[in-house]
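Going from the sequence shown to my numbering is simple: count from 1 and add 33.
Beta carbons: idealized from backbone N, C-alpha and C, even for Gly.
Read through the structure below, which is laid out as structure tokens, and then see the notes.
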Amino acid sequence: MSEHAVSIDVREIMRYLPHRYPFLLVDRVTEFEANTRIKALKNVTINEPFFAGHFEQYPVMPGVLIIEAMAQAAGILAIKSQGERAENELYFFVGIDNARFKRQVVPGDQLVFEVEQMALKRGIGKYSARALVDGQVACEAEIMCAKREV
């Protein structure tokens, strides 16, 4: 077990992220190292609302939602690293580079998100993110998130 192993459940995740069903896409955090990295999980089930139309006969998780889930994991890393999120601040997904999809994600899969902080300047973080299923890369990208007062 990693020295940075944690067990952050969805109730605690909801303290960090403003997302709610059906758009909260991270179920648990299993590893955390402040300002460095996070490992999180998403259990993909046939009950996801997007599967009704993507695609009815061959359900596949939309790639944009996999990227959104990686951005949410990056947001948890950023917010938990500073302690909490103030009521008047949100972290917005502001950029993506080098996104690649390597395999389809289907009901029954468990996505494992591995996100590493690459840089943090003036409230904008850059992260290297991967989503894996059974140890195989499903998606990888560099993601940018920005903290803003609202």
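Which partner residues does residue i have in the DSSP bridge list?
{"i": "L74", "result": "R61 and V145"}
{"i": "L123", "result": "R181"}
{"i": "R133", "result": "E173"}
{"i": "A85", "result": "Looking at the DSSP assignment, A85 forms no beta bridge with any residue, so it has no partner."}
{"i": "E36", "result": "The partner list for E36 (beta bridge, DSSP) is empty, contrary to what the question assumes."}
{"i": "V152", "result": "Strictly speaking, residue 152 in this sequence is Ala, with Val absent from that position. Its beta-bridge partners are K159."}
With a threshold of 6 Å on Cβ separation, who are the neighbours of residue i within its own chain once the five nearest residues in sequence on each side are excluded?
{"i": "A107", "result": "V148, Y160, I176 and C178"}
{"i": "G128", "result": "M177"}
{"i": "A162", "result": "M103, V148, A174 and I176"}
{"i": "F146", "result": "A73, M103, A106 and A164"}
With respect to the alpha helix (DSSP H) encompassing residue i, which residues constitute its N-terminal and C-terminal limits?
{"i": "I100", "result": "G96 to Q115"}
{"i": "V93", "result": "No alpha helix (DSSP H) contains V93, which DSSP labels as neither H nor E."}
Answer yes or no: does any C-beta atom of chain B fall closer than 8 Å to that of residue i?
{"i": "L165", "result": "The structure shown has no chain B; it contains just one protein chain."}
Along the beta strand (DSSP E) that carries residue i, what are the first and last residues, could you check?
{"i": "Y160", "result": "I157 to V166"}
{"i": "V43", "result": "That residue, V43, is in no beta strand (DSSP E); its alpha helix (DSSP H) goes V43 to Y49."}
Hey, how far is the Cα of residue i from the Cα of residue j?
{"i": "A104", "j": "A119", "result": "19 Å"}
{"i": "V170", "j": "I71", "result": "16 Å"}
{"i": "S35", "j": "E64", "result": "8 Å"}
{"i": "V93", "j": "G141", "result": "11 Å"}
{"i": "N68", "j": "L123", "result": "18 Å"}
{"i": "G86", "j": "R53", "result": "21 Å"}
{"i": "P55", "j": "K135", "result": "25 Å"}
{"i": "L165", "j": "R155", "result": "30 Å"}
{"i": "E66", "j": "N131", "result": "24 Å"}
{"i": "A111", "j": "G158", "result": "8 Å"}
{"i": "V43", "j": "Q90", "result": "30 Å"}
{"i": "Q115", "j": "M47", "result": "16 Å"}
How close, in whole Å, do the beta carbons of residue i and residue j come, if the pair is a contact with beta carbons under 8 Å?
{"i": "N76", "j": "Q143", "result": "5 Å"}
Only counting the same chain, and skipping five residues up and downstream in sequence, which positions put a Cβ closer than 8 Å to that of residue i?
{"i": "N121", "result": "E182 and V183"}
{"i": "I99", "result": "F134, V138, L144, A164, A171 and C172"}
Leaving out the 5 sequence neighbours to the left and right, which residues in its chain are closer than 7 Å to residue i when beta-carbon positions are compared?
{"i": "H37", "result": "E64, F65 and E66"}
{"i": "I79", "result": "P92 and P140"}
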